[in-house]
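2 protein chains.
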Amino acid sequence: MNVVNESPRRKELTRLAAQLFVQEGFDRTTVRMLAQEMGIKSGSLFHHFRDKQEILAAVIEEGTQNALTIARHALEECGDTAEARLHAMACAHLETLLTDRNAHVVALYEWRRLGAAARDHLSHLRDAYEALWEQVIDEALDAGLIHGDRFLVSRFVMGALNWTVRWYDPEGPRKPEDLAHELIAMITPSSHAGR
Amino acid sequence: MNVVNESPRRKELTRLAAQLFVQEGFDRTTVRMLAQEMGIKSGSLFHHFRDKQEILAAVIEEGTQNALTIARHALEECGDTAEARLHAMACAHLETLLTDRNAHVVALYEWRRLGAAARDHLSHLRDAYEALWEQVIDEALDAGLIHGDRFLVSRFVMGALNWTVRWYDPEGPRKPEDLAHELIAMITPSSHAGR
DNA sequence: GTCTATAGGCAGATAGAC
DNA sequence: GTCTATCTGCCTATAGAC
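So the protein sequences, as listed, match chains A and B. With full-length UniProt numbering applied, the first sequence covers 1 to 195. With full-length UniProt numbering applied, the second sequence covers 1 to 195.
Here you go:
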């Protein structure tokens, strides 16, 4: 259940807003640009959202919730070896970042633009997603698949993945799952034995 | 030699601008905020810079040039094993990101805000810095220190490092060089033998 | 090199008709 | 739920005195 109204119309508008926020950045996206993309006039926008901030909050909530759902689903279906779970988590992460290429990217790159109230409300969701990551990293550490400090390892891995947004070319030869595979190969001491 | 005027006064103003750009982001930093931080009125700012864009360009040039200089210097002094060079490069990168915590961060995170002309002018500098990274990565690959695709490895490593800006706490127990050490341990298959 | 004053534009948001 | 019309405020940038 949600604090805010969740009409299908609002969902659609949120999806369009996410696209613009990725292209232009939140600060440079005007309510007039948003309205035009949605096929309405700028005044009409405020029937669906109280203010511009609330649009950002809706996008980030959608992006994080979606990433969480997809990651959980992937972890249920991937088998239970530490390597399979790590790979599933990395794939899920990259899919939501590079394939939709929208709401999850906004959640990562425009988090700072949220007001204090919205940050408080959404931090639970973000924490849940990061906890999922730390859990998978922990399993990989326990299994001896990787080595190091759990805090640092999880942040390095997430950093490597999150930065892909800056250079990944969807038209290029590499699929998101290729990236996930290569990253895991890079941090997995034993994995180059069979190369 | 530079295209633009480089008075000491301008250098100082650029340093202050970098700080605000990191704190607030370029778009949310107003010329009034910049002027106040510099101890002058907003109108006086345009005696030193043609427009707000030019301030950003000055910060990014300074940040990239500085990172390049420090990295080159570190590589000259570190000895010539692949591991020492990789470590020196990662340390230099993190020093310029986390210790000044200013101009280099702006160069990475506000690049998109540059106008087309400034991007053209500065891309050489950025390319030179990235070439330095790829060279060091190549040496590590050739030495068998790490494994994988050179393009992907260098971007994953830079991503892991660049993302530290988002979570690193300068007041915390870890120094930038600790992070560099841990990252290299993570991607170096043989390095956990002695742990 | 800094000031005051202000032009000119566009931003976010509101009110009320339909 | 969408429109038109508009308010109000802040933004970048300029002009000219000191």
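Glycine included, C-beta positions come from ideal geometry on N, C-alpha and C. On a predicted model such as this, the values are computed, not experimentally measured, just so you know.
ask   = A/W133 CB to nearest chain B CB: under 8 Å?
value = Mapped onto the first sequence, residue 133 of chain A falls at position 133. Cβ-Cβ to chain B under 8 Å: no for A/W133.
task = Please name the residue, chosen from B/L179, B/A117, B/V105, B/A116, that lies closest to B/N66 on a Cα-to-Cα basis.
result = Your numbering for residue 66 of chain B matches position 66 in the second sequence. Looking only at B/L179, B/A117, B/V105, B/A116, the smallest Cα-Cα distance to B/N66 is reached by B/V105.
ask   = Touching or not, the region 104-124 of chain B and the region 124-134 of chain A, by the rule of three or more beta carbon pairs under 8 Å?
value = By the criterion of at least three beta-carbon pairs nearer than 8 Å, the region 104-124 of chain B is not in contact with the region 124-134 of chain A.
key: Length-filtered (4 minimum) alpha helix (DSSP H) runs lying within the region 108-177 of chain B   = For the region 108-177 of chain B, whole alpha helix (DSSP H) runs of length 4 or above, ordered along the chain, are 116-142, 150-162, 164-167.
task = Give a yes or no on whether the minimum CB-CB distance between A/L152 and chain B is below 8 Å.
result = The residue you call residue 152 of chain A lines up with position 152 of the first sequence. Using a Cβ-Cβ cut-off of 8 Å, A/L152 counts as an interface residue toward chain B, since at least one Cβ of chain B sits closer than that to its own.
request  = Could you check the C-alpha separation between A/W163 and B/T164 for me, to the nearest Å?
outcome  = Start at 1 with the first residue of the first sequence, and residue 163 of chain A comes out as number 163. Start at 1 with the first residue of the second sequence, and residue 164 of chain B comes out as number 164. Cα to Cα, A/W163 sits roughly 11 Å from B/T164.
Separation of A/S42 from A/V31, as counted between CA atoms = Working through the first sequence from its first residue, we reach residue 31 of chain A at position 31. Working through the first sequence from its first residue, we reach residue 42 of chain A at position 42. When rounded, the distance between both Cα atoms is 6 Å.
query = What three-state label does DSSP hand A/C91 in the structure shown?
reply = Looking up residue 91 of chain A in the first sequence gives position 91. Correct three-state label for A/C91: helix.
request  = Determine the DSSP secondary structure at B/R28, reduced to helix, strand or coil.
outcome  = Position 28 of the second sequence, counted from the start, is the residue given in the question as residue 28 of chain B. Three-state DSSP puts B/R28 in coil, outside helix and strand.
task = Output, in sequence order along the chain, the residues in the region 85-105 of chain A whose CB is closer than 8 Å to any CB in chain B.
result = Result list empty, no residue passes.
query = Distance, Cα to Cα, B/E177 vs B/M158?
reply = To locate residue 177 of chain B, count along the second sequence from 1; it is residue 177. To locate residue 158 of chain B, count along the second sequence from 1; it is residue 158. The alpha-carbon atoms of B/E177 and B/M158 are separated by roughly 15 Å.
request  = Return the residues of the region 36-60 of chain A that lie within a Cβ-Cβ distance of less than 8 Å from chain B, sorted by chain order.
outcome  = Answer set for the region 36-60 of chain A: empty.
query = Which residues of chain B have a Cβ atom closer than 8 Å to the Cβ of A/I187, listed in chain order?
reply = The residue you call residue 187 of chain A lines up with position 187 of the first sequence. What A/I187 touches in chain B: M186, I187.
message = Just to make sure I have the definition right: I need the residues of chain A whose C-beta is within less than 7 Å of the C-beta of B/A160. Which are they?
response = If you number the second sequence from 1, residue 160 of chain B lands on position 160. The contact set of B/A160 on chain A, defined by CB atoms closer than 7 Å, consists of F156, G159, A160 in chain order.
query = If you measure from the beta carbon of A/Q126 to each beta carbon in chain B, is any gap under 8 Å?
reply = Here residue 126 of chain A is taken as the residue at index 126 of the first sequence, counted from 1. First, the amino acid is wrong: residue 126 of chain A is Arg here, not Gln. Chain B has no Cβ within less than 8 Å of the Cβ of A/R126.
ask   = Do the CB positions of residue 196 of chain B and B/L145 come within less than 8 Å of each other?
value = A question about residue 196 of chain B goes unanswered here, because the residues of chain B that appear run from 1 up to 195.
query = The alpha helix (DSSP H) spanning B/S44 covers which residue range?
reply = Translated into positions along the second sequence, residue 44 of chain B becomes position 44. Element bounds for B/S44: 42-48.
message = Would A/A92 and B/A160 be called neighbours here (beta carbons separated by less than 8 Å)?
response = Stepping through the first sequence from its first residue, residue 92 of chain A is reached at position 92. Stepping through the second sequence from its first residue, residue 160 of chain B is reached at position 160. Cβ distance not < 8 Å, so A/A92 and B/A160 don't count as in contact.
ask   = chain A beta carbons: is any one of them nearer than 8 Å to that of B/E182?
value = Within the second sequence, numbered from 1, the residue matching residue 182 of chain B stands at position 182. Yes, B/E182 counts as interfacial toward chain A.
query = Using a Cβ-Cβ cut-off of 6 Å (strictly less than) and excluding sequence neighbours within five positions of A/G63, which residues of its own chain qualify?
reply = By 1-based counting over the first sequence, the position of residue 63 of chain A is 63. Excluding five sequence positions before and after A/G63, the CB atoms of its chain that fall closer than 6 Å to its own CB belong to A103, H104, V106, A107, given in chain order.
query = So, does the CB of A/D138 fall closer than 8 Å to a CB anywhere in chain B?
reply = As a working note, residue 138 of chain A is residue 138 in the first sequence. By this cut-off, A/D138 is not an interface position.
ask   = So, does the CB of A/G25 fall closer than 8 Å to a CB anywhere in chain B?
value = Here the question's residue 25 of chain A lines up with position 25 in the first sequence. It does; some Cβ of chain B falls within 8 Å.
message = Please state whether the Cβ-Cβ distance between A/M89 and B/F156 is less than 8 Å.
response = Translated into positions along the first sequence, residue 89 of chain A becomes position 89. Translated into positions along the second sequence, residue 156 of chain B becomes position 156. Not in contact: A/M89 and B/F156 (Cβ atoms no closer than 8 Å).
key: 8 Å contact criterion, which B/L114 and B/L56 should meet: CB distance rounded   = Counted from its first residue, the second sequence places residue 114 of chain B at position 114. Counted from its first residue, the second sequence places residue 56 of chain B at position 56. Their Cβ separation, rounded to whole angstroms, is 6 Å, which keeps B/L114 and B/L56 in contact under 8 Å.
message = Quick check on the DSSP output: the alpha helix (DSSP H) that includes A/R72 runs from which residue to which?
response = Here residue 72 of chain A corresponds to residue number 72 of the first sequence, with the count starting at 1. Bounds of the alpha helix (DSSP H) holding A/R72 are 52-77.
key: Nearest-angstrom Cα separation, counted from A/H48 out to A/T14   = In the first sequence, residue 14 of chain A corresponds to position 14, counting from 1. In the first sequence, residue 48 of chain A corresponds to position 48, counting from 1. For A/T14 and A/H48, the distance between alpha carbons rounds to 10 Å.
ask   = Closest to B/F26 by CA distance: which of B/E54, B/M38, B/I184 is it?
value = By one-based count along the second sequence, residue 26 of chain B stands at place 26. Here the closest residue by C-alpha is B/E54.
ask   = Beta-carbon separation of residue 217 of chain A and A/A131 under 8 Å?
value = For residue 217 of chain A there is no data in the structure shown, the boundaries of chain A being 1 and 195.
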